[in-house]
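If you count by this note's numbering, then the sequence shown holds residues 577 to 795, one letter each, in order.
In this text, a Cβ means the ideal position worked out from N, Cα and C, and glycines have one as well.
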Amino acid sequence: MTFKQDYLLNKLTYWKNHNRNSMAEREFDTLTYLLGVFCGYKLKKGSSVLDLGSGDQFLKDEFNKREISYFSLDIKDLNFETDKFTFDDNKFDLVISLAVLEHLKNPDIFLNESKRVLKKESYLFLSTPNWKYSKNIFYDDVTHVKPYSPESLNEILSIKGFKDIKILPNLRCKSKWWYEGSFKFFKACYLIPFTNNAKFIPKFLKGKSRGMFALAKKD
577 MTFKQDYLLN KLTYWKNHNR NSMAEREFDT LTYLLGVFCG YKLKKGSSVL
627 DLGSGDQFLK DEFNKREISY FSLDIKDLNF ETDKFTFDDN KFDLVISLAV
677 LEHLKNPDIF LNESKRVLKK ESYLFLSTPN WKYSKNIFYD DVTHVKPYSP
727 ESLNEILSIK GFKDIKILPN LRCKSKWWYE GSFKFFKACY LIPFTNNAKF
777 IPKFLKGKSR GMFALAKKD
């Protein structure tokens, strides 16, 4: 490898890691902000978190550097539709599931297990597309099998016994106004012109979302 090739490879690695770390920090800031503002819930030092569908565990460092224990399960570890989680009851202060639910034909075991491993008064934080705003593109991802609306997501979490359910737009690091009101999902989809992936666009014009978050408490 020449010096120039080595230099370019190092630069590419730097920017890849920088973008990855920035995205992880943004995810952490968003979920802790929403839990605090809408649920009055705060993760403390010494808490434990389970990340479901963790992929490359890009959130791990964000929790660990705050002395929050991070655990994860992914498709390589088990089948979310048929297998129970390999953790004891009432173990975690937070269970995170980002972009998993829409990939499950039957989410019963997944949601039951998520609730089982949560401590009492702790929260499930999940994301999934909002069918009302993503129906034209939902099945462009061939691994998507089950869509949800805000109403159906609220209903299934209620059936599973979760309380204090909040269904919010899947927006990152926005002010409280964007997550409130009867038109909150419309605002997220149509009042913000660009997605977070857009390049060379001012930050205040980015964040367009067709998805939703759910925050739900185990009593």
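Per-residue burial, Lys691 [other beta carbons within 10 Å of its own, 16 or more giving buried]
Here residue 691 is taken as the residue at index 115 of the sequence shown, counted from 1. Buried, because 16 or more other Cβ atoms sit within 10 Å of the Cβ of Lys691.
Leaving out the 5 sequence neighbours to the left and right, which residues in its chain are closer than 7 Å to Tyr540 when beta-carbon positions are compared?
Nothing about residue 540 can be reported from this structure: the residues present for the chain run from 577 to 795 only.
Could you check what DSSP says for Glu727 in three-state terms: helix, strand or coil?
Numbered from 1 along the sequence shown, position 151 holds the residue referred to as residue 727. Correct three-state label for Glu727: helix.
N-terminal and C-terminal residue of the alpha helix (DSSP H) that Leu687 is part of
By 1-based counting over the sequence shown, the position of residue 687 is 111. 684-693 is the span of the alpha helix (DSSP H), which, as asked, contains Leu687.
Leu791, DSSP secondary structure in three states:
As a working mapping, residue 791 is identified with position 215 in the sequence shown. If DSSP states are grouped into helix, strand and coil, Leu791 belongs with the strands.
8 Å CB neighbourhood of Lys681 in its chain, flanking five on each side removed:
Numbered from 1 along the sequence shown, position 105 holds the residue referred to as residue 681. Only Glu657, Val721, Lys722 meet the Cβ criterion.
Helix, strand or coil at Tyr766 [DSSP, three-state]
Residue 766 sits at position 190 when you count from the first residue of the sequence shown. Tyr766: helix per DSSP, three-state reduction.
Identify whether Ile735 lies in helix, strand or coil by the three-state DSSP scheme.
Translated into positions along the sequence shown, residue 735 becomes position 159. Ile735: helix per DSSP, three-state reduction.
Identity of the residues DSSP links to Pro705 by a beta bridge
If you number the sequence shown from 1, residue 705 lands on position 129. Answer is Gly787.
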